[in-house]
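Colleague: Sequences listed follow chains A and B, in order. Positions in the first sequence are counted from 1; adding 5 to them yields this note's numbering. Positions in the second sequence are counted from 1; adding 5 to them yields this note's numbering.
2 protein chains.
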Amino acid sequence: MPNDPIIIRTVADLRAHVADWRRDGQTIALVPTMGALHDGHLSLMRLAKGQADRVIASIFVNPAQFGPGEDYERYPRTEAEDVARLATVDVDAAFVPTAREMYPEGFATRVHIERLGDVLCGAHRPGHFDGMALVVVKLLTSALPDVAIFGEKDYQQLQIIRRFTADLNIPVRIMGGPIEREADGLALSSRNRYLSPEQRQIAVALSVALKAARDAVKAGGDPSEASAKAREDIVKAGFDSVDYVEVRDPSSLELVTEAGTPARVFGAARLGPTRLIDNWPVD
Amino acid sequence: MPNDPIIIRTVADLRAHVADWRRDGQTIALVPTMGALHDGHLSLMRLAKGQADRVIASIFVNPAQFGPGEDYERYPRTEAEDVARLATVDVDAAFVPTAREMYPEGFATRVHIERLGDVLCGAHRPGHFDGMALVVVKLLTSALPDVAIFGEKDYQQLQIIRRFTADLNIPVRIMGGPIEREADGLALSSRNRYLSPEQRQIAVALSVALKAARDAVKAGGDPSEASAKAREDIVKAGFDSVDYVEVRDPSSLELVTEAGTPARVFGAARLGPTRLIDNWPVD
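#1: Can you name the residues of chain B whose CB is closer than 8 angstroms to the CB of A:His59?
#2: In three-state terms, what does DSSP make of A:Met180?
#3: Can you tell me the Cα-Cα spacing of A:Ala221 and A:Glu203, whole angstroms?
#4: At a CB distance below 9 angstroms, what residues from the segment 110–131 of chain A approach chain B? Give them in sequence order.
#5: Determine the extent of the alpha helix (DSSP H) in which B:Phe134 is found, giving its start and end residues.
#6: Near A:Arg198, what residues of its chain come up, given a Cβ to Cβ distance below 8 angstroms and the 5 sequence neighbours on each side ignored?
#7: How many Å lie between B:Glu185 and B:Trp285 at the Cα?
#8: For my contact list, B:Pro10 and B:Ala92 are in at a C-beta cut-off of 8 angstroms; report their separation, rounded to the angstrom.
#9: So which of B:Leu35, B:Asp76, B:Leu125, B:Gln206 has the shortest CA-CA distance to B:Pro188?
#10: Is any beta-carbon of chain A found at less than 8 angstroms from that of B:Lys158?
#11: Relative to chain A, which residues along the segment 175–186 of chain B have a C-beta separation below 9 angstroms, given in chain order?
#12: Would you mind telling me which residues of chain A sit closer than 8 angstroms to B:Val16, beta carbon to beta carbon, in chain order?
#13: So B:Ile61 packs on B:Ile33, CB below 8 angstroms; how close in whole Å?
#14: Is the beta carbon of B:Ala113 sitting closer than 8 angstroms to the one on A:Leu121?
#15: CA-CA distance, B:Phe155 and B:Met180?
#16: Here's a check: name, in chain order, each residue in its chain whose Cβ is nearer than 6 angstroms to the Cβ of A:Asp87, leaving out the five neighbours to either side.
#17: If we count Cβ pairs, one from each stretch, closer than 8 angstroms, do we get three or more for the segment 143–152 of chain B versus the segment 12–29 of chain B?
#18: Could you give the DSSP three-state label for A:Glu251: helix, strand or coil?
#19: Could you compute how far the alpha carbon of A:Thr170 sits from the alpha carbon of B:Ser194?
#20: Please check the pair A:Leu200 and A:Ala208, which I expect to be a contact at CB under 8 angstroms, by giving their CB distance rounded to whole angstroms.
#21: Determine the burial state of A:Thr262: buried for a count of at least 16 other Cβ atoms within 10 Å of its Cβ, exposed for fewer.
#22: Cα-Cα, which of A:Tyr160, A:Gly30, A:Arg269, A:Pro73 is closest to A:His150?
#23: Taking the DSSP output, what are the residues bridged to A:Asn284?
#24: Determine the contact status of B:Ala268 and B:Val252, defining contact as a CB-CB distance below 8 angstroms.
#25: So what's A:Thr290 in DSSP terms, helix, strand or just coil?
#26: If distances are taken between C-alpha atoms only, which option among B:Arg59, B:Lys54, B:His117 comes closest to B:Gln162?
#27: DSSP three-state call for B:Val222: helix, strand or coil?
#28: Going by DSSP, what residue range makes up the beta strand (DSSP E) through A:Thr262?
#29: Entirely within the segment 58–135 of chain A and at least 3 residues each: give me those beta strand (DSSP E) ranges in chain order.
#30: Hey, would you say B:Gly129 sits closer than 8 angstroms to B:Asp44, going by beta carbons?
#31: Does B:Val142 have its Cβ less than 8 angstroms from a Cβ in chain A?
What follows is the structure, encoded as structure tokens:
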């Protein structure tokens, strides 16, 4: 029977636990999340267990990464269920700070990542990646883990995190975990729970269209034609609009205009009030 | 006979030395500088010796904190003399990276501090404090010292550093060291070596005028009148222009409009191509 994770509410308490573990020579993995945990998150926790002696999951719906009119208020907050799920994968501690703990009165610091943060979701969610980077810097400097693990569903986020941890000399190894999908291919996401049963049927079209574009580019097809076709198919399937479908370099995130170079197909589309993202590698 | 400091050129080598010292249970102080070391810097090194087992001085003329048309190119670079001076105060290591080591190809991250960075020197040197914060974050995350020491001549810088290290949860104690002055009161500065003998005679007027403003405010005088008088006196003495003389809260850096509240008098003025700054506390 696995133990419940220790619940930690403050940075000071987080540091005290980490210091104890360090004193015993133990290594530490951190898996930052916004809670509303699904099997995708749990796969990251399992990955973390294989990388370090202790696993800390953070659960924090970070106000800094939501824009005006986005879903900060209605984002699911399910701490009790999340903690129960973390227990099933033997996570040692859950860091669950308040917004006030992370952004006290007088907070004045901002982080910005040029280029990588300007494209794809960055072009459609101004300030989102700056807010994400800010909280990830704080989580990393607070816990100083050996390794931090992020899901590849947020692939652009993962590349941005690799960039700023290197740029800011934060002493941590960044690791990506593969996308987990439903049986029909829909990428697992906390935002899937916003979908009505009818929308859930439509939602899979994002994954299907991006995968088809991936297959087309892999077979030597033109990346911009494959992207255009995917955009059409996503709208035809019932999405209200497409933010982007683009084929980009997996590391620089620069636009790929020819088949045969390293690439990844990225997409984001809106279904009612819900915005879904997904991506597929061109191997 | 004191030993010469170890010269460290890379972040990896810095970390290796720090890890060795940590393994021996030793504590570490970091004193960031831009080199061209004078007795003010050496006083910070002596302060550092009293705070930790090991003292690392960094010497790096940080391009990110110089604006276009500022003195990045002509800023004095005197590594051999600096290292010799560090030996006299028994500093253990000098971290002397290249610009390429600190800002490799593809570097994309920026740090910004709101409010505190917008006033005083921030209003006259756009981007200066963002560039300073960027390199200080990097130095702190690279060395992870117990304490980092900065001179109070750059008092606004010190307050900004206190702010972003707290905001970003960088686990370090920030300490200020008092301003060192020439016999006539001129604050020691690497930029004093730009001054001709005639300019050197004029330069002391900045310190004298700010101190007089301090005395006036301390005696109950109106802060804005005292500031105006100081600006006049600085120009009368032969400075070409005054960037600012202002009485501000020592912690928030907000403008102080009444005597009797905590305050500090800040000034910056230009003498030929040289920009000098100074400040005096209202105790």
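Ideal Cβ placement from N, Cα and C applies to all residues, glycine included.
Modeller: Short version:
#1: Checking the sequence shown, residue 59 of chain A turns out to be Arg, not His. Those do not exist, as A:Arg59 stays about 18 angstroms from chain B at its closest Cβ, beyond 8 angstroms.
#2: Note: A:Met180 maps to strand in three-state DSSP.
#3: Cα-Cα distance, rounded: 29 angstroms.
#4: Gly111, Phe112, Ala113, Thr114, Arg115, Val116, His117, Ile118, Glu119, Arg120, Leu121, Gly122
#5: 133–148
#6: Answer for A:Arg198: Ala41, Pro81, listed in chain order.
#7: 12 angstroms
#8: 6 angstroms
#9: The amino acid at residue 188 of chain B is misidentified as Pro; the sequence shows Ala. Looking at the Cα atoms, B:Gln206 is the closest of the given residues.
#10: no
#11: Under the 9 angstroms Cβ criterion, the segment 175–186 of chain B contributes Ile175, Pro176.
#12: Asn174
#13: 7 angstroms
#14: yes
#15: 6 angstroms
#16: Gly40, Leu42, Ile64
#17: yes
#18: Annotated three-state conformation of A:Glu251 is strand, per DSSP.
#19: 33 angstroms
#20: 6 angstroms
#21: So A:Thr262 ends up on the exposed side.
#22: Looking at the sequence itself, residue 150 of chain A is Pro, so the reference to His does not match. Checking every option, the nearest Cα to that of A:Pro150 belongs to A:Gly30.
#23: A:Phe271
#24: yes
#25: The structure shown has nothing for residue 290 of chain A, since chain A only spans 6 to 288.
#26: Selected option, being the one with the closest Cα: B:His117.
#27: helix
#28: Run containing A:Thr262: none; DSSP gives neither H nor E here.
#29: 59–64, 98–100, 114–118
#30: Correcting the residue identity first, residue 129 of chain B is His in this sequence and not Gly. No, Cβ-Cβ distance for B:His129 and B:Asp44 is not below 8 angstroms.
#31: yes
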